[in-house]
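There are 6 protein chains.
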Amino acid sequence: MSCIDFEKMRQMLYSAVIADILDELGYRDQCMDFGIVPLNADDVVCGRAFTCLAADVYEVPENPYQKEFRTVDSLKKDDVLVATTNGSVCSGFWGELLSTAAVGHGAAGAVIDGLSRDTRAIRKLKFPLFLRGTHPADSKGRTDVIDYDCVITCGGVTVHPGDLIFGDFDGIVVVPQEVEEECIRLAFEKVEAENVVRGELLAGASAEEVWNKYHIL
Amino acid sequence: MSCIDFEKMRQMLYSAVIADILDELGYRDQCMDFGIVPLNADDVVCGRAFTCLAADVYEVPENPYQKEFRTVDSLKKDDVLVATTNGSVCSGFWGELLSTAAVGHGAAGAVIDGLSRDTRAIRKLKFPLFLRGTHPADSKGRTDVIDYDCVITCGGVTVHPGDLIFGDFDGIVVVPQEVEEECIRLAFEKVEAENVVRGELLAGASAEEVWNKYHIL
Amino acid sequence: MSCIDFEKMRQMLYSAVIADILDELGYRDQCMDFGIVPLNADDVVCGRAFTCLAADVYEVPENPYQKEFRTVDSLKKDDVLVATTNGSVCSGFWGELLSTAAVGHGAAGAVIDGLSRDTRAIRKLKFPLFLRGTHPADSKGRTDVIDYDCVITCGGVTVHPGDLIFGDFDGIVVVPQEVEEECIRLAFEKVEAENVVRGELLAGASAEEVWNKYHIL
Amino acid sequence: MSCIDFEKMRQMLYSAVIADILDELGYRDQCMDFGIVPLNADDVVCGRAFTCLAADVYEVPENPYQKEFRTVDSLKKDDVLVATTNGSVCSGFWGELLSTAAVGHGAAGAVIDGLSRDTRAIRKLKFPLFLRGTHPADSKGRTDVIDYDCVITCGGVTVHPGDLIFGDFDGIVVVPQEVEEECIRLAFEKVEAENVVRGELLAGASAEEVWNKYHIL
Amino acid sequence: MSCIDFEKMRQMLYSAVIADILDELGYRDQCMDFGIVPLNADDVVCGRAFTCLAADVYEVPENPYQKEFRTVDSLKKDDVLVATTNGSVCSGFWGELLSTAAVGHGAAGAVIDGLSRDTRAIRKLKFPLFLRGTHPADSKGRTDVIDYDCVITCGGVTVHPGDLIFGDFDGIVVVPQEVEEECIRLAFEKVEAENVVRGELLAGASAEEVWNKYHIL
Amino acid sequence: MSCIDFEKMRQMLYSAVIADILDELGYRDQCMDFGIVPLNADDVVCGRAFTCLAADVYEVPENPYQKEFRTVDSLKKDDVLVATTNGSVCSGFWGELLSTAAVGHGAAGAVIDGLSRDTRAIRKLKFPLFLRGTHPADSKGRTDVIDYDCVITCGGVTVHPGDLIFGDFDGIVVVPQEVEEECIRLAFEKVEAENVVRGELLAGASAEEVWNKYHIL
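As structure tokens, then:
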């Protein structure tokens, strides 16, 4: 994989500009659905997907948590845990100690198509977390990891291990690896061009005329 | 249309008191449904509706954005863009540059029965925006304006062009034009009367007795 | 009922640790569903349930508000109003003046499986309120109390009058009265043990090893 | 109320033609939502609404069934029981013995915005029943009648006691009493006119030309 | 397990009477939710639960179908396959050849909290099948069995292997093993008593008086 | 386009076998979602898609029905009208006279991601109709065609004009034109092979062994 400056991306890019570039490149279904939101309005997540697949169960399994721990212990610097739970709403699949471990391993954040608990503590950790909601109950005997480091669908988008993930308040975009270099380059270019347009519109210019002049929205 | 002091309304009134007066006047179905929420908890929107009707499409149309631009360029001082999208959840129908243009035209805010993008930037603009959620993808080839300045239904309430719109954290109320003067006058009166009741209840008075005395809730 | 230090519970406990202890004690279905959320992210509610059952109606009843007032006037110090509305989404069942009366009676907060209005004013009251959403319309002729001080289901959990309620950002847990003493004692013990684990994980330890050593999540 | 030939209506009219005439008369929101369906595909219900309002409860009330019995015992010849349950899905609110009693009183059918049980037996009774679904559990201690012979909303439409109800496989239409005579007269006229159009279209004529010629759809 | 005459149960009992007896015995949450319906209106299923737990996956697993085959090959005479799929709607988890194998093993039917395919062929087999809906796509690489012969939740009810299952058009009831003998005996008694009541009501008797006389609904 | 024997396909193939072949060819997302069902259980639709895109409106447009008529008048022998309505549930978008015109033009059926009316009459026409449900109200001033003969999404699947459509009780499959010849050929082959397997399973063979022997499900 190429050498990407994740920190610069987090500071200068945003999900909408990345989605625009993916549109231009012909990848039009890369945004997760709007029910997955950041725990903190200012959270930005950017890094490589490490995936996890879970489902609800109704008995405590033989080795509770085992695959969930292995998932978390597999995380490396700038990884983003991307987990799907088959729509689980009966437990907080993610939580504080897992977030703490993820921070300890240098992970960049987590995107959970499901619920989390310990969210007050996670707030204090400054660990970017995207989720559908919260639940006080532990996952033991409720929601179990059945596989990890595998292809999943999260928020309606197919995610392969290693895909580039970018999320902020607008939502989460998945950048396929084959276009990531081109996508990032073009995104930085577009961000600069938008500043001119903004100024003219604030001064009261017609939206239609500004579009015809710059073709930037 | 009558001369209304929108700024005074924004500072002193709130959606619940307007809904109460409309109840008294026999208009009992004027509140939009609870899924449309302000981008910022303190956003207050008050002005006249300029309406817009959109729907999802699956090809880039001949003149993308054209009707959306004309909608935005039609906005005047104290107008509120009220847009419905036929339940679109596949794009950010509204966005930063449209918000910027709306601000440039003096518009008072926007109520979108749909999604928006560029929400971090819109926050900075201090443009009151009510919406169902956020999405990073552009509307081009996804969600297209099919008409504007027409009767629509937004959040379950029929909105005619020129109706008075008042929204805050509780929700959004549509005031039909034939009762707007009476409604505003009575709302200002009720706001004053509520202050007495508040004091007695905080001192521990029985809710039932206070109601029997003042008939204010 | 035993003498409980509610204030200490509010400051030191959280919903997830209480849910964990209830799991250990064999009570695994005590968390309300994730759609009921705090009005303020930092709201914590802890006290004894005083219950209320409401439903939508379509005419103004003979004595509007009467049973709702009697509910509120029945509240005592450290009571938590727990109300269910048969899924009502057509009015703000709860509101500012009821919150004010509840504060006047010393109540600890309210959990509404339904909507509220006057939420900007309730924010200022510092009254912990958990709800599904907001609506500007009054409950008169829309949502009526049909019983109170009765068994109800709120957020999917059966609540008996007098049950212990604990809610925070993660969600709301109902502690049955027969295990409340044991539950509270064990919860305080667990909170202390978690601090050690947190430190080792932040230093980069393996989640699996830490679990095998402490068996705390 | 006027003297209506309900039997002739059942045999010759259908819900779509009644909805069309109501459109012409300016009543455009009179069709219940599409989730309420007939138990048998060929069921037709036509008669005057006798209304009932129920809600879920969580304890067996003092006099279980009392108001439900009084509702059923109030039914007269050509009455249609129209019941709403505040969205109850935890019991079969309606059932065989109530249907049997309704048949005994000469009622024309029932429209339940909720669930029913004993549906195999009701099928044999040839009692037209419209419902959202089925549930084996009795309503005692689950779903209780709180009022009857009152204004309700059923399937999203306001129903006053005595309104004319017409339902078939397409859905259920509520005819307000002030236009019922005109509506029925015009509906019979339209049914006859449609037969000509049908013949030309089957022969392969252009839909647009036939419309321009007859203005019937 | 006791010797039960399943065939007599299928012919004489129905789900509502079993739910009533379970209510009397204090088991009030034993009916699956109303979205699981029979493929044929006259299907009746009665037998002992053999359980299966599945979830959606996004890659073809190493041994596709293996656990699903083992589930089906474990079925014995009068077993009912009760499967839950974590809400899967992306494939026909169940199908014709599995039904055929189940029939070959003497199974009494299947209850799928999910979708099936090959439903025209299953109709011809006269194999009672209860399901949420249909889908043409195979389960391979879409929905995989993760466990069987385990505790599950199906249609909202906890099912233990060996529990008695009874389903018909009204819905599906789960009879816990500790009360099954008493439940079946009382159900046969109640079925006989209802016939008297039915006759009086059809003759036009008051529902309230008949209830006061027989206390049967 | 190639010469296809649609009548033979209708008689011998079914949606599940076509979905299986598309899986083998690498097209795994071609089945519409399970909410679109046939009006009659035995309806089979097979032909080429002629597409239509509609959305809800709130005023009667200048030329009501015009684009809907042009859509229907464009249908040719063996065409299948495939219409999407942006999730409209407020009218019967499709109806009897349109079905009659479609039959007059030789169309093979219709797939409506929306509602229809006049369904009793359409039943008599023997016109295969797949739909989400029924509604008595006319589309005029409620749901309007905004484009036709364009790319659409129907039931979650992208449909291009001319794509091959096959639907039966299991659901509806869209066959992209570039693989249609291969798909049809392989589907006929697979149908024959399944008959052997069926016989062995009915005789009580193990599902796992039969799979290992034939690799057919």
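Residue numbers (numbering that gives the first Met the number 0), protein chains in the order written: chain A, 0 to 216; chain B, 0 to 216; chain C, 0 to 216; chain D, 0 to 216; chain E, 0 to 216; chain F, 0 to 216. From the three backbone atoms N, C-alpha and C, an ideal C-beta is built for every residue, glycine too. Remember, predicted model here, so these are calculated numbers, not experimental data.
Confirm, please, whether the CB-CB distance from residue j to residue i is below 8 Å.
i: residue 127(A); j: residue 44(A); result: yes
i: residue 49(E); j: residue 81(E); result: yes
i: residue 154(E); j: residue 35(E); result: yes
i: residue 145(A); j: residue 52(A); result: yes
i: residue 91(B); j: residue 136(B); result: yes
i: residue 165(E); j: residue 132(D); result: no
i: residue 66(D); j: residue 105(D); result: no
i: residue 182(B); j: residue 3(B); result: no
i: residue 57(D); j: residue 139(D); result: no
i: residue 93(B); j: residue 130(B); result: yes
i: residue 199(E); j: residue 209(E); result: yes
Taking the straight line between their C-alpha atoms, what separation do you get for residue i and residue j?
i: residue 0(C); j: residue 152(C); result: Below a pLDDT of 50, predicted positions are generally treated as unreliable, and residue 0(C), at 48, falls in that range; the measurement from the model is reported next regardless. So the alpha carbons of these two residues sit roughly 22 Å apart.
i: residue 216(B); j: residue 193(B); result: 8 Å
i: residue 31(E); j: residue 187(A); result: 54 Å
i: residue 160(D); j: residue 148(B); result: 39 Å
i: residue 60(C); j: residue 143(C); result: 8 Å
i: residue 23(B); j: residue 197(B); result: 21 Å
i: residue 87(C); j: residue 26(E); result: 28 Å
i: residue 206(C); j: residue 123(B); result: 40 Å
i: residue 79(A); j: residue 110(E); result: 39 Å
i: residue 141(D); j: residue 112(C); result: 17 Å
i: residue 168(F); j: residue 117(E); result: 8 Å
i: residue 204(B); j: residue 134(C); result: 26 Å
i: residue 8(B); j: residue 163(B); result: 11 Å
i: residue 68(D); j: residue 95(D); result: 13 Å
i: residue 97(F); j: residue 115(F); result: 10 Å
Check the Cβ of residue i against every Cβ in chain B and list those closer than 7 Å, keeping chain order.
i: residue 228(A); result: Chain A is shown from 0 up to 216; residue 228(A) falls before or after that span and cannot be answered.
Could you list which residues in chain A have their beta carbon closer than 8 Å to that of residue i, in chain order?
i: residue 26(B); result: Residues of chain A passing the Cβ test: none, with the nearest at roughly 32 Å.
i: residue 30(C); result: 134, 135 and 136
Per DSSP, which residues does residue i bridge with? Please list them.
i: residue 147(E); result: 51(E)
i: residue 45(D); result: 165(D)
i: residue 156(B); result: 153(B)
i: residue 12(D); result: Looking at the DSSP assignment, residue 12(D) forms no beta bridge with any residue, so it has no partner.
i: residue 171(E); result: 166(E)
i: residue 93(B); result: 115(B)
i: residue 280(A); result: Past the boundaries of the shown model lies residue 280(A); chain A is included only from 0 to 216, so the question cannot be answered.
i: residue 36(A); result: 130(A)
Since residue i and residue j should fall inside the 8 Å C-beta cutoff, what is the C-beta to C-beta distance between them, to a whole number of angstroms?
i: residue 54(A); j: residue 84(A); result: 7 Å
i: residue 150(A); j: residue 173(A); result: No, residue 150(A) and residue 173(A) are not in contact; Cβ-Cβ is about 12 Å, not under 8 Å.
i: residue 28(D); j: residue 156(D); result: 7 Å
Name the chain E residues that come within less than 8 Å of residue i, Cβ to Cβ?
i: residue 94(D); result: 15 and 216
i: residue 118(D); result: 168 and 169
i: residue 57(A); result: 52, 149, 150, 151, 152 and 157
What residues of chain D sit near residue i, judged by a beta carbon separation below 9 Å?
i: residue 72(F); result: 205, 206, 207 and 208
Residues of chain E with CB under 7 Å from residue i, in chain order?
i: residue 154(D); result: Near residue 154(D) there are no residues of chain E at all, since even the closest Cβ is about 17 Å away, more than 7 Å.
What does residue i touch in chain D if you count any residue whose Cβ is under 7 Å from its own?
i: residue 186(E); result: Here the premise fails: no neighbours, minimum Cβ distance about 12 Å.
Could you list which residues in chain H have their beta carbon closer than 8 Å to that of residue i, in chain order?
i: residue 9(C); result: Although the question refers to chain H, the structure presented lacks it and instead comprises the protein chains A, B, C, D, E and F.
Which bits of chain F does residue i rub up against, with CB to CB less than 7 Å?
i: residue 86(B); result: 85 and 86
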